[in-house]
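This report concerns only the one structure given below.
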Amino acid sequence: MCGIAGIVEAEKPVSFQLVQSMCDALAHRGPDDAGTWLSPDRRVGLGHRRLAIIDLSPLGHQPMSSDDGQITIVFNGEIYNFQEVRAELQARGNSFRSTSDTEVVIAAYRTWGPACLDRLVGMFALAIWDGTKRRLFVTRDRAGEKPLFYLHKNGRFAFASELKAILVDPKIPRSINREALDDYLAYGYVSGSLCIFDGFAKLPPGHWLTYEPDLDRLRISRYWDLPIRSTNTAQSDLQELTSDLDVLLTQSVRCQLIADVPIGIMLSGGLDSSLVTAAAVRSSGRAVRTFNVAFPGYPSFDESHHARRVADYLGSNHTELVAEPGSGEFLPSLIRQYDEPIADNSVLPTYLVSRAIRKECAVALGGDGGDELFGGYIHHPWLLKIAQLRKLGLHRLGLEALAAKSIPLGLEGRNAIMGLLSCNEPQTALTRLLDPITRSRLTGRPMSATPELRRAGLETVCGGIDAICAAEFRSYLPDDILVKVDRASMLTSLEVRAPLLDYRIVEFAFGRLPGRFKVQDARRKIILRALAQRWLPPDFDSHRKQGFSIPLHEWFQGPWRPLVDDLIATGSPLFEKRFLTRLLSRLRSTERGSRRLFQLMMVEMWRREYRASVPE
Numbered sequence: 000m001c002g003i004a005g006i007v008e009a010e011k012p013v014s015f016q017l018v019q020s021m022c023d024a025l026a027h028r029g030p031d032d033a034g035t036w037l038s039p040d041r042r043v044g045l046g047h048r049r050l051a052i053i054d055l056s057p058l059g060h061q062p063m064s065s066d067d068g069q070i071t072i073v074f075n076g077e078i079y080n081f082q083e084v085r086a087e088l089q090a091r092g093n094s095f096r097s098t099s100d101t102e103v104v105i106a107a108y109r110t111w112g113p114a115c116l117d118r119l120v121g122m123f124a125l126a127i128w129d130g131t132k133r134r135l136f137v138t139r140d141r142a143g144e145k146p147l148f149y150l151h152k153n154g155r156f157a158f159a160s161e162l163k164a165i166l167v168d169p170k171i172p173r174s175i176n177r178e179a180l181d182d183y184l185a186y187g188y189v190s191g192s193l194c195i196f197d198g199f200a201k202l203p204p205g206h207w208l209t210y211e212p213d214l215d216r217l218r219i220s221r222y223w224d225l226p227i228r229s230t231n232t233a234q235s236d237l238q239e240l241t242s243d244l245d246v247l248l249t250q251s252v253r254c255q256l257i258a259d260v261p262i263g264i265m266l267s268g269g270l271d272s273s274l275v276t277a278a279a280v281r282s283s284g285r286a287v288r289t290f291n292v293a294f295p296g297y298p299s300f301d302e303s304h305h306a307r308r309v310a311d312y313l314g315s316n317h318t319e320l321v322a323e324p325g326s327g328e329f330l331p332s333l334i335r336q337y338d339e340p341i342a343d344n345s346v347l348p349t350y351l352v353s354r355a356i357r358k359e360c361a362v363a364l365g366g367d368g369g370d371e372l373f374g375g376y377i378h379h380p381w382l383l384k385i386a387q388l389r390k391l392g393l394h395r396l397g398l399e400a401l402a403a404k405s406i407p408l409g410l411e412g413r414n415a416i417m418g419l420l421s422c423n424e425p426q427t428a429l430t431r432l433l434d435p436i437t438r439s440r441l442t443g444r445p446m447s448a449t450p451e452l453r454r455a456g457l458e459t460v461c462g463g464i465d466a467i468c469a470a471e472f473r474s475y476l477p478d479d480i481l482v483k484v485d486r487a488s489m490l491t492s493l494e495v496r497a498p499l500l501d502y503r504i505v506e507f508a509f510g511r512l513p514g515r516f517k518v519q520d521a522r523r524k525i526i527l528r529a530l531a532q533r534w535l536p537p538d539f540d541s542h543r544k545q546g547f548s549i550p551l552h553e554w555f556q557g558p559w560r561p562l563v564d565d566l567i568a569t570g571s572p573l574f575e576k577r578f579l580t581r582l583l584s585r586l587r588s589t590e591r592g593s594r595r596l597f598q599l600m601m602v603e604m605w606r607r608e609y610r611a612s613v614p615e
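Its first residue numbered 0, the sequence shown is counted upward by one per residue in numbering that gives the first Met the number 0.
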């Protein structure tokens, strides 16, 4: 894992010192080495911070150039099949001076151009300056594991792994993008290509862009998307498909265990991370290192005993870290690390477990992606039931109450379902934090449903479980889950890999696996549970869904109370103070309000940390 940055100027020389400063801002992503390169005409500057994982020698130094100097690359990530691609390139007459995957990417680009991406299996964000074509080529992996921010303005194109690297230029204004703020208030993260600061953007997953400075022209293109299942799955057999997934996951984990440094595993005790751990033991044939965060005294949040049970069964060398309320002292540094506000309270335990792993390992495997690929969220059966009821047309006949009674959720749950039956996009409503009316009163701005409309455009719930999962794969996964993991782990200089996001597993989940083997009635992750019966303890509770979160309500009533008191007392230029005070008081009184309380606290702490200006 590494950090990359660069500037391309259309009309004037690049500042070498500025590129170096951008790299310095990414030092945590690559503490092992640093490099800066300027093109002969000084119109292109590339910078790199290295976390050495494969080929620890100086031959892996970046920026790296081709033998003739026409191609120069900065690369962040890992190509898991680089040895196979290297062999194919050698058969075509290419020679190599290092054993790094970066040099393989250079040769692949020279041989196949942008089409080389079709051959790469891995997680990556990279930039290539093609001196022959006088063009910058920038791309990002299919799932969005590795980040890429950019700014195109006044004849300059600047990019970096993290927003803070571009912001080292004091001339760049830090004005909050109102649309992005509304997006955050709706869902707790900034989605898609939107960025919290005006003028900035994020390259979406599965896309590449080119910038031609002589024309000051930027072009963006998609190179990969989720497959659409075209084969008839009526005769599909669960056991046969489980065997296929067995092979795919084992293959993915085996490839991702390749490194020249020690590797650990984030074992929460849940289904996904337990399967990854089991695959690692099967692939390596030896004991592996596993790590977990415990919350003693908070049984509804503590999965440590489940993790210990799996670790004992698989024979892993297990380490358990205890999270205490005082861990909130890390919030300011975490907030700065995240570039944009994020309301996912699991940023804290993710950071703590990353820090613990980094003391012994430089790489860790995680279980991210299982919920989005295989239907693992608690709301998935709800949404399927809503889709079925809407197809019957009950919402048009005013029979929402009668329909809602068929879902055993209690009075509050049935009232919620009645509302979802009445709206056009129940998925966007179910996952929303603040509705348009509340956001409007909070910010004093005209009411907008833009965030809801943006997500409604991803997929419709009426498309079944595949459509529901696709929407979350395209938004919640890359813009919340993977952002959380990348920034928290990189703050500790730890590389985290997600075997379930191997694109061949992704294409299996959406291109071959019938929806009935993901979710049916109240059952979720059906195929993963079938795999668990083969790999995990007989008494493993595969139906449990706890989530990697913290006891927010209890901490807000105790050690974190001053944080909310400060926000109430001082207010925020982002919000109308009178309404904010009433809203915070209401939210802090109930456990259900804790997540929204955390959301509002985090965005104001972020604004202060980044000294962001609020547009009129």
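Ideal placement from N, C-alpha and C gives every residue a C-beta, glycine not left out.
The structure displayed is predicted, hence computed values, not measured ones.
Member of the options whose CA lies at the smallest distance from the CA of residue i
i      : options                        : result
Ile480 : Gly369, Leu429, Asp520         : Gly369
Asp243 : Pro513, Ser612, Phe507, Val518 : Phe507
Thr35  : Arg42, Phe74, Gly46            : Gly46
Leu599 : His206, Lys576, Ile504, Glu615 : Lys576
Leu50  : Asn291, Val362, Asn344, Glu451 : Val362
Ile264 : Asp465, Ser56, Ile526, Gly365  : Gly365
Gly143 : Val602, Phe472, Leu566         : Phe472
Asp100 : Asp117, Gly112, Pro113, Phe123 : Phe123
Ala164 : Phe148, Arg155, Ile175, Asn153 : Phe148
Asp197 : Ile227, Leu166, Arg216, Ser220 : Leu166
Tyr52  : Arg606, Asp565, Pro561, Glu494 : What sits at residue 52 in the sequence shown is Ile, not Tyr. The candidate whose alpha carbon is nearest that of Ile52 is Glu494.
Asp129 : Val352, Asp117, Trp223, Ser65  : Ser65
Ser616 : Ala531, Asp338, Ala322         : An answer regarding residue 616 cannot be provided, because it is not within the stretch 0 to 615 covered by the chain.
Ser41  : Leu583, Arg133, Ser192         : Residue 41 is actually Arg in this sequence, not Ser. That would be Arg133, whose Cα lies nearest to the Cα of Arg41.
Glu84  : Ser492, Gly68, Val104          : A quick correction: the sequence has Val, not Glu, at residue 84. Comparing Cα positions, the closest option is Val104.
Glu161 : Phe81, Leu25, Ile171, Ile467   : Leu25
Pro513 : Arg444, Thr430, Arg228, Leu248 : Arg228
Gly44  : Val73, Glu77, Asp67            : Val73
Gly187 : Glu615, Arg610, Val602         : Val602
Asp215 : Glu302, Arg606, Ala9           : Ala9
Presumed contact (8 Å Cβ cut-off) between residue i and residue j, rounded CB distance
i      : j      : result
Thr71  : Arg91  : Actually they do not touch by this definition, with Cβ atoms about 22 Å apart.
Tyr350 : Ala487 : 4 Å
Leu313 : Ala277 : 6 Å
Phe290 : Leu266 : 7 Å
Phe156 : Val7   : 5 Å
Glu608 : Ile334 : 5 Å
Pro226 : Phe539 : Contact flag wrong, Cβ pair sits at about 31 Å.
Leu55  : Asp259 : 5 Å
Status (buried if at least 16 other CB within 10 Å, exposed otherwise) for residue i
i      : result
Ser405 : In this prediction, Ser405 scores a pLDDT of 48, lower than 50, which makes its location untrustworthy; the coordinate-derived value is nonetheless stated afterwards. So Ser405 ends up on the exposed side.
Ser251 : buried
Pro572 : exposed
Gly463 : buried
His379 : buried
Leu125 : buried
Arg533 : exposed
Asp485 : buried
Ala342 : buried
Ile385 : buried
Val275 : buried
Ala114 : exposed
His304 : exposed
Arg585 : exposed
Thr616 : Outside the displayed span of the chain (0 to 615) sits residue 616, for which this structure offers no information.
Gly397 : Interpretation of Gly397 is limited by its pLDDT of 47, a score under 50 that renders its predicted location unreliable; no figure is taken from the coordinates.
Gln336 : buried
Ala497 : buried
Ser283 : exposed
Gln16  : exposed
Ser621 : The structure shown does not extend to residue 621, since the chain is modelled only from 0 through 615, so no value can be given for it.
Gln255 : buried
Chain B contact for residue i (CB, 8 Å cutoff)
i      : result
Glu211 : Of the chains in the structure shown, none is chain B; there is only one protein chain.
Kindly provide the ranges of any beta strand (DSSP E) runs that are 3 or more residues long and lie completely inside the segment 510-547, ordered along the chain.
Qualifying beta strand (DSSP E) stretches: none in this window.
Hey, which unbroken runs of the alpha helix (DSSP H) at 4 residues or more fall wholly within the segment 101-188?
Counting only unbroken stretches of 4 or more residues, the alpha helix (DSSP H) elements lying wholly within the segment 101-188 are 162-165, 177-186, in sequence order.
Are at least three pairs of beta-carbons, each pair with one atom in the segment 197-207 and one in the segment 430-448, less than 8 Å apart?
Fewer than three Cβ pairs drawn from the segment 197-207 and the segment 430-448 lie within less than 8 Å of each other, which leaves the two stretches out of contact.
Can you check the segment 230-296 for any alpha helix (DSSP H) of at least 4 residues that lies completely inside it and give the ranges in chain order?
As far as the segment 230-296 is concerned, its whole alpha helix (DSSP H) runs of at least 4 residues are 237-255, 270-283.
Runs of beta strand (DSSP E) lying entirely within the segment 22-75, each at least 3 residues, in chain order
32-37, 43-49, all fully within the segment 22-75.
What runs of the alpha helix (DSSP H), each 4 residues or longer, lie entirely inside the segment 539-597?
Runs found: 551-556, 560-569, 576-587.
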